[in-house]
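Remarks on the structure that follows.
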Amino acid sequence: MPNEFAVEMKGIAKRFPGIVANDDIHLQVRKGEIHALLGENGAGKTTLMNILFGLYQPDEGEIRIHGQTVKITDPKKAIDLGIGMIHQHFMLVEPYTVLQNIILGAEPRRGVMISYKKALARIGELSDKYGLHVDPHRTIREISVGMQQRVEILKTLYRGADILIFDEPTAVLTPQEIQELMAIMRKLADEGKTIILITHKLKEIMAIADRVTIIRRGRVVDSLPVRDTTAEELAAKMVGRNVSFVIEKKEAQPGETILEIDNLTAFDDRGCQALRGLSLEVRSGEILGIAGVEGNGQRELIEVLTGLRKASSGEIRLRGRAVQNESPRRIAEAKVGYIPEDRQKRGLVLDFCVGENLVLKNYYAPPFCKRGLLRYDEIFGHAAGLIGEYDIRTPDEKTPARALSGGNQQKVIVAREVACEPDLLIATQPTRGLDVGAIEFIHRKLIEQRDKGKAVLLYSLELDEILNLSDRIAVMYEGRIVGILDPRKTNEQEIGLLMSGGHKGEREETA
Amino acid sequence: MTGFVKRLFSESTLIPVVSILIGLILGAVIMLAGHYNPFLAYGSLFAKAFGDMYNFGETIRQITPYIFTGLAVAFAFRTGLFNIGAEGQFIMGAVAAACVGVLLDAPWFLHVPLALAASALAGGLWGSIVGYLKAARGVHEVITTIMLNWIALHAANYIVRTALLEKGMARSKYIQESAWLSSPGLSELFDHARIHYGVLIALALSVLFYYVLWKTRQGYELRAVGFNPDASEYAGINVKSTFVKTMFISGLFAGVGGACEVMGVFHYQTINAAFPGYGLMGIAVALIGRNTAVGVVLGAVLIGVLTYGASGMKFGAGVPEELIHVVIALVIFFVAAGGMVELLIRRFRKKNGTVH
Amino acid sequence: MQMTIWRRRSWMAIIAAVFALTFVLAGCGKSDNNQNNGGQPPETQGGQQNEQTETGSNETSGGEEKQYYVVMVTDVGGVNDNSFNQSAWEGLQQFESEYGAKVDYLQSQSDADYVPNLNQFVKNGADLTWGIGFLMGDAVKQVADQNPDAKLAIIDQVVDAPNVASVTFKEHEGSYLVGVVAGLMTKTNKIGFVGGMEIPVIKRFEAGFTAGVKAVNPDANVIINYTGAFDAPDQGKAAAATLYNDGADIIFHAAGATGDGVFNEGIERKKAGGDVWVIGVDKDQSITFGHDITLTSMMKRVDQAVVQVSADLVNGRFQPGLTELGLAENGVGLPENNPNVPEDVLKQVDEYAQKIVSGEIVVPSE
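Line by line, the protein sequences are chains A, B and C.
Just so you know, our numbering puts 181 at position 181 of the first sequence, and the rest follows in order with no gaps.
Just so you know, our numbering puts 553 at position 42 of the second sequence, and the rest follows in order with no gaps.
Just so you know, our numbering puts 1098 at position 231 of the third sequence, and the rest follows in order with no gaps.
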């Protein structure tokens, strides 16, 4: 019998000055299995997969593919060996069609012309076989994120991959899309493809993986069949201590109304109406969670609330004072804190140091600024305090934010927003892409704010998060609130029904 | 202060230094290929630039405008704006200074500051047109600056021709002596070289550049916008007005530079058939200087010495002056392609690592 | 973080490579250095080396006499400008071969270079330093004042200093004659003039040309177009296209390299069957652009002026002050051969030329 392992990595070590990213890692992946690679952010799982995909060279160790010892010098070599990687951030050319993207760089040619016919036939074959249905003639811009991911998968299959690495594939997907992806992955495995799934989401591993290898601080902690373990056990192995999944929180004590939204309308970037007369109230001492399928106006709502987008009509009142269409600064000064969805794009100036980022919202006010001059001693003193209080792992307050891990970057943002003592804290996808430890921390901070009598508006695409944290859930659909639910009296099915009043594909057609 | 020094000597300073060396070496290779002696050539170049007091003074004169335009370009770069228009801002500053210098009568302690202020305002306003068009209309600054350069060139020529012209000459009348930035004493010291007090203004503005950028609220805002306009908007910074302010300050640097040429070197404004080229060279200076104050001064010194010394190279070693432009181009190329060089080396290392 | 670490490492490699290269090149250079020049400071070396080669080539004619060192500084046009800078350099080269003198030039990259370039020669003991072109007037004046013992000369501009010879041309006289040609030969009665910058020199071209046209053809209309630059062939081409489109069939240009664009537009139209001509300037431009398009040229003998004044220096007759070269002095005029101009037209040109020389006609200069 030929070798049963599709991938074997033996004694892999990779050191960067000051950091041991991988330390004597052994990984064995059987042919045709779904093998999960579990670990916190920075544990070394991405480094390991980058080595497998030829992006890094290991300092020590050997790699065998189907039993053959190989040197993977670059991604091209990896592709030749049948290894494909589906990155977390898609590598697609937006104005190109699905077809053009799939064949990009591997175009079948007839003379100097590209033979689209041949390509189409091959893609049709692949999508039928694995249930990857896409419309090859639409451009990437026009299709949903879930569809884009399918294009990425097709791209690797088209290049003949039989070992597929998925890097955090569900981070950008809606619950429905996650379900569909899971089905696709299962089908791929059943057809003999080998799948390595990088993730820190225990639920997904329990649902789909055959085996799981847990990595912590660059070392393998354990490798075991999923059916022999539980989510709690995996979490403990990953974090190195026991983790509680149940969020402990006291009964909410809702007080006065902080935020009132009245019949709000606004347009999205393409000029389509994104908010269609939305009304909502958030009171002090409660967490209001907004649930909804991505693209139903949540982003526009948050942007209008924070002053980044103009409302076309309606009113927003903070403690009774109308603030719609005021500048972001005026709104922030009206005691609104905002943890943005995209921390690297919106939340931080990555090339600024941690200290400078921690005053991004109030650098212009005393004590940080006097008579137009910044007082760096005050700024760094303030930073040192918050770094301690929020356990931000950084060499010092003068380190660029870029050098921090995702979880610590998010801590910087949360620390900054909370330090401004807002009456209303808006948190959008606050735990997206974070590991269990950081998620726990952020959740605790949000509840802490609630218990201090702040109003918290939470928007997340993770239904679990909404269900666990919220005191009330507002379901958003097509720019309106279609229902307010009590999390104790509802379930995923009921929310899902409200959320899916329409289908994403259709919406885009009408848009 | 230590932070300042650290910033100076961080890795980002290495790229220009190495690029300069590579540029000079490749220039030497080209000379060898043309059967010239590169040592004699570079020797004559530096001898010309520093050989005697006259040439030393002239070298400083040559360096001075590059500091101004380098600062202008670097400042805009810090806000993520590519100011190709330092040329036009320079010209507008020059013509403003010429107007005040020719048409106004005042004692020197009023006349000089007034002329400088007029040029700062003219250059600044010329720059802020770009900032405004970017902020209000979303027009890319590269397009507008290039177009405004031409408008500035011809507008300045028009102003000189109609309001300031010396009859029978292709230039303005001489500016009043009270508006001169040069002094006979200083020139005497440098054997009649046209060195002028503008170099002190340039250095003062470099200090101001550093101070504004790193110590003030305004500098914090414009650096934030430069690094990440989305996050800046989120943080409540008015990104659009920051564009306008930055371009004003950027244009101000260039405009004062233009004034110093008029008030210090020529004492008149010529009708320019073509761009003087200081603004475009400012891009190179900013690039070599990595958009820092000290870097810009050093970059200006480099470019100034090379361009001024070039004729010495021709004179002493017979090497055509044009070759020095090849050297400057190579330096700029390697500074700009710093990342490319880095990649090449990394690739080279990787290959070596896998060969058995 | 990983990236920065990588970066730092690779920089070490680059620096190492650069040092290696430096040493390699230093090795090559050193041997070269030793062969050519024995350890003297570079500047004096350079001068000497130059001198040696120059004397070498002129040994036969040089003899015991003093070897004159006559040099020129170009304006921003450079020495290959197809125009007066080039013409001046050709004059100097002719002077070199006729008188065994040592000649050299420096090109100015910008107008700030004029003074240091002049000074470079003056301070190195040039016997006569030429500033070529109208634009160098102020610089020549300044250098002359600061170096009263040096001798300077300038083309196209009058500099009032006791040690400067100024040479100007009566461009209007020559332009008058090509105006006569154009006025007699136009079929559309529309004639174009493309000027460089609107400065007095070029104004003389325009004024003389217009007067010449009107003298023989009062109905003809001269359309004037100044591009504002001497170094912009693209603008010259655009200006010519406009003029031809407006019905002009002959264009006279006085625009340096900008005029190259006028010729190119004319050549294109000629190829497409158009009946158009261009009148060249400064030199016989049919040599460059051919007889198919060049009707004639208004020659301005900058080269002869340079030779003449330089020779005066050698012969001890150097005269500071203004020399004006017109038709009478053969400073301006038409080329010897004009195959495109009919005999009767040339005859009229000769008649007008005589009237100008005799003073019967005074050509306006502005």
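Note that beta-carbon positions come from the ideal geometry of N, C-alpha and C, so glycine has one too.
Query	Result
Note down, in chain order, all residues in the stretch 344 to 371 of chain A with a beta-carbon under 8 angstroms from any beta-carbon belonging to chain B.	345, 346, 347, 348, 349, 350, 351, 352, 356, 360, 361, 363, 364, 369
Can at least three beta-carbon pairs, one atom from the stretch 153 to 173 of chain A and one from the stretch 47 to 55 of chain A, be found at a separation below 8 angstroms?	yes
From which residue to which residue does the beta strand (DSSP E) around residue 281 (chain A) run?	273 to 283
Using a Cβ-Cβ cutoff of less than 6 angstroms, which residues in the same chain neighbour residue 677 (chain B) once the five nearest sequence positions on both sides are dropped?	684
Indicate the three-state DSSP secondary structure (helix, strand or coil) for residue 453 (chain A) in the structure shown.	coil
In this structure, does DSSP put residue 833 (chain B) in helix, strand or coil?	helix
Have a look at residue 278 (chain A) and residue 311 (chain A) and give me their C-alpha separation to the nearest angstrom.	11 angstroms
Quick check on DSSP: helix, strand or coil for residue 353 (chain A)?	strand
Opposite residue 69 (chain A) in the DSSP bridges: which residues?	A:64
What number of angstroms, rounded off, separates the C-alpha of residue 1009 (chain C) from the C-alpha of residue 983 (chain C)?	11 angstroms
In chain A, what lies closer than 8 angstroms to residue 727 (chain B) by C-beta?	372, 373, 374
So is residue 284 (chain A) buried or exposed if we call it buried at 16+ other beta carbons inside 10 Å?	buried
Which runs of the beta strand (DSSP E) spanning at least 3 residues fall entirely within the stretch 565 to 592 of chain B, listed in chain order?	none
Taking the C-alpha atoms as reference points, what is the distance between residue 442 (chain A) and residue 209 (chain A)?	28 angstroms
Would you call residue 694 (chain B) buried or exposed, if buried means 16 or more other Cβ atoms sit within 10 Å of its Cβ?	exposed
Just verifying my parser: in three-state terms, what is the DSSP assignment at residue 881 (chain C)?	Interpretation of residue 881 (chain C) is limited by its pLDDT of 45, a score under 50 that renders its predicted location unreliable; the figure taken from the coordinates is listed afterwards. Reduced to three states, the DSSP call for residue 881 (chain C) is helix.
Buried or exposed: residue 167 (chain A), going by 16 or more other Cβ atoms within 10 Å of its Cβ?	buried
With distance defined between alpha-carbon atoms, name the residue in A:498, A:434, A:26 nearest to residue 223 (chain A).	A:26
Going by beta-carbon coordinates alone, are residue 765 (chain B) and residue 634 (chain B) separated by less than 8 angstroms?	yes
Counting pairs of beta carbons, one from the stretch 783 to 791 of chain B and one from the stretch 588 to 601 of chain B, are three or more of them closer than 8 angstroms?	yes
Does residue 679 (chain B) have its Cβ less than 8 angstroms from a Cβ in chain C?	yes
Buried or exposed for residue 691 (chain B), going by 16 or more other Cβ atoms inside 10 Å?	buried
Identify every run of the alpha helix (DSSP H) within the stretch 1147 to 1174 of chain C, keeping only runs that are complete inside it and at least 4 residues long; order them along the chain.	1153 to 1156
What do you reckon, are the CB atoms on residue 316 (chain A) and residue 305 (chain A) nearer than 8 angstroms?	yes
Write down the C-beta distance between residue 467 (chain A) and residue 287 (chain A) rounded to the nearest angstrom, noting that I regard them as a contact closer than 8 angstroms.	Their Cβ separation, rounded to whole angstroms, is 11 angstroms, which puts residue 467 (chain A) and residue 287 (chain A) out of contact at 8 angstroms.
When you compare the CB of residue 646 (chain B) with every CB in chain A, is at least one pair closer than 8 angstroms?	no
Specify the secondary structure class of residue 472 (chain A) as computed by DSSP and reduced to three states.	strand
Distance check for residue 547 (chain B) and residue 868 (chain C), CA to CA, integer angstroms please.	Unreliable positioning characterises residue 868 (chain C) in this predicted model, as indicated by a pLDDT of 36, which lies under 50. The coordinate reading is nonetheless provided below. Each residue's alpha carbon lies about 46 angstroms from the other.
Find out if the Cβ-Cβ distance for the pair residue 1061 (chain C), residue 1120 (chain C) is shorter than 8 angstroms.	yes
Could you check whether the Cβ of residue 925 (chain C) sits closer than 8 angstroms to any Cβ belonging to chain B?	At residue 925 (chain C) the pLDDT is 41, less than 50, meaning the model places this residue with poor confidence and gives no usable figure here.
With H, G and I counted as helix, E and B as strand and the rest as coil, what does DSSP make of residue 369 (chain A)?	strand
Between which two residues does the beta strand (DSSP E) holding residue 1070 (chain C) run?	Taken as a continuous stretch (DSSP letters only), residue 1070 (chain C) belongs to no beta strand (DSSP E), being part of the alpha helix (DSSP H) at 1067 to 1083.
Are the beta-carbon atoms of residue 355 (chain A) and residue 411 (chain A) separated by less than 8 angstroms?	no
Give me the Cα-Cα distance between residue 543 (chain B) and residue 549 (chain B), rounded to the nearest whole angstrom.	7 angstroms
Just grab the DSSP bridge partners of residue 1092 (chain C) for me.	C:1061
Taking a contact to mean a Cβ-Cβ separation below 8 angstroms, would you say residue 250 (chain A) touches residue 451 (chain A) in this structure?	yes
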